[in-house]
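In the working numbering, the protein residues as written are 1 to 389. Glycine included, each C-beta is placed from N, C-alpha and C at the ideal position. Being a predicted model, the structure only gives us computed values, none of them experimental. I have placed the structure first, in the form of structure tokens, so that the comments after it can refer back to it.
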């Protein structure tokens with residue numbers, strides 16, 4: 001008996017854009033090789049980031065209007081939908097889409113659970129810094145209110161809806177599952193743990209690195225906080241005239257940071273647009289720096305390890321810790337958000353080539369844990385379980 005090819009659809013607000021979309025691309029490659037048809041539904045196609053490497057994907061532009069999206073789902077004969085928590089459709093809309101289309105759905109959290117409440121606070125902090133006196137006063141009051149409601153009930157209700165109505169909820173590690181169940185004071189058998197995957201290296205990486213410190217990712221204040229890295233560079237760059245800082249990525253904070261660097265006359269800082277070939281930067285960099293307020297399971301840390309680039313990050317989530325622990329073996333973990341400690345650890349890495357080489361040897365081995373064949377099979381197993389139930 002010939003099995004019917006299954007059609008699965010991943011939903012993203014923009015595509016391609018950041019780490020969540022990269023995970024979808026990597027998992028899709030595995031699924032297609034194993035007999036699935038994969039569709040990407042997105043409200044906005046980032047055409048400047050698309051090239052021939054994406055030709056294997058069926059990318060469909062949708063509208064925010066749910067009725068139109070449902071028509072697209074039916075037209076593509078979708079068997080299973082995968083929503084990310086950042087896909088642009090809140091839980092109530094996901095429920096409606098699933099019911100009216102008759103399609104089962106999975107929700108996958110590509111970020112640390114309950115990240116939404118923290119992001120709101122960081123956005124308000126940014127507005128306090130950049131507005132007039134009276135506007136700052138208003139936002140300070142708002143910030144106080146949001147701090148009091150940090151675990152805001154609307155966010156919790158979204159997670160309750162996911163556990164109640166979604167056919168499965170995918171999280172990145174056991175610590176995140178424990179966090180969700182404790183915060184909601186509930187139990188659930190719908191949560192599945194699947195880490196992010198890593199494809200085989202696109203090139204044979206040169207392990208004789210250059211004097212380059214690299215940031216790779218979105219340039220957004222609310223979560224990535226790249227201005228912290230620029231502040232650290234400001235403190236150290238005069239002491240290391242042979243080193244450079246490269247910032248690769250796009251986002252709403254980029255123009256502001258470029259102006260800040262120019263205004264402060266900081267030397268040897270170069271900004272680059274987001275790229276579909278990050279390996280060209282990993283191939284030369286010695287150190288990768290994240291200074292994020294929040295992360296979940298940062299793909300760039302895994303990619304850096306695979307390329308032999310020593311990664312550094314604040315210990316802002318269980319995901320970051322899982323990838324980089326133990327510190328000074330699989331990377332460098334910095335207590336949140338200790339800028340002085342970050343600076344001193346970065347200085348030590350710059351000055352101590354032997355330490356960089358020691359960590360490089362370890363992280364090349366560590367990166368093998370994220371093999372796409374292992375992670376892809378976990379997705380396949382989950383799909384088969386849901387489609388056959």
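When 263, 107, 202 are compared, the shortest CA-CA separation from residue 190 is found for 107. As the crow flies, the alpha-carbon of residue 292 is around 14 Å from that of residue 214.
Here residue 241 is exposed: its Cβ has fewer than 16 other Cβ atoms, across all protein chains shown, within 10 Å.
By the Cβ rule, the region 200-209 counts as touching the region 292-312, because three or more pairs are nearer than 8 Å.
DSSP, read as helix, strand or coil, puts residue 76 in coil.
Rounded to the nearest angstrom, the gap between the Cα atoms of residue 268 and residue 299 is 26 Å. Of the candidates 374, 327, 12, 327 places its Cα closest to the Cα of residue 355.
Annotation for residue 287: 213, 310, 349 place their beta carbon closer than 6 Å to its own, counting only its chain and skipping 5 residues before and after. Assignment of residue 179 by DSSP, reduced to helix, strand and coil, places it in the helix class. Look at residue 167 here: in three-state DSSP terms it is coil, with no helix or strand label. For residue 288, the three-state secondary structure derived from DSSP is strand. In this structure, residue 26 keeps its C-beta atom at 8 Å or more from the C-beta atom of residue 278.
At the C-beta level, residue 220 and residue 257 stay beyond 8 Å of one another. Spanning the alpha carbons of residue 58 and residue 339 requires a straight line of approximately 44 Å. Close CB contacts of residue 312 within its chain, under the 6 Å cut and outside five residues either way in sequence, are with 289, 332 (chain order).
Taking the Cα positions, residue 8 is about 7 Å away from residue 36.
DSSP places residue 358 inside the alpha helix (DSSP H), whose first and last residues are 353-366. When DSSP reads this structure, residue 14 sits in a beta bridge with 44. With a beta-carbon spacing of about 6 Å, residue 319 and residue 173 fall inside the 8 Å limit used to define contacts. Assignment of alpha helix (DSSP H) within the region 326-353, counting only whole runs of 4 or more residues, yields 339-351 in chain order. The alpha-carbon of residue 388 is positioned some 30 Å away from that of residue 112. Put simply, of 38, 34, 85, 55 the residue whose alpha carbon is nearest the alpha carbon of residue 13 is 85. With contacts defined by Cβ atoms closer than 8 Å, residue 161 and residue 95 form a contacting pair. When the beta-carbon positions are compared, residue 11 and residue 80 stay at least 8 Å from each other. Rounded to the nearest whole angstrom, the CA to CA distance from residue 155 to residue 186 is 15 Å. Residue pairing by DSSP leaves residue 251 without any beta bridge partner.
The Cβ-Cβ distance between residue 163 and residue 376 does not fall below 8 Å.
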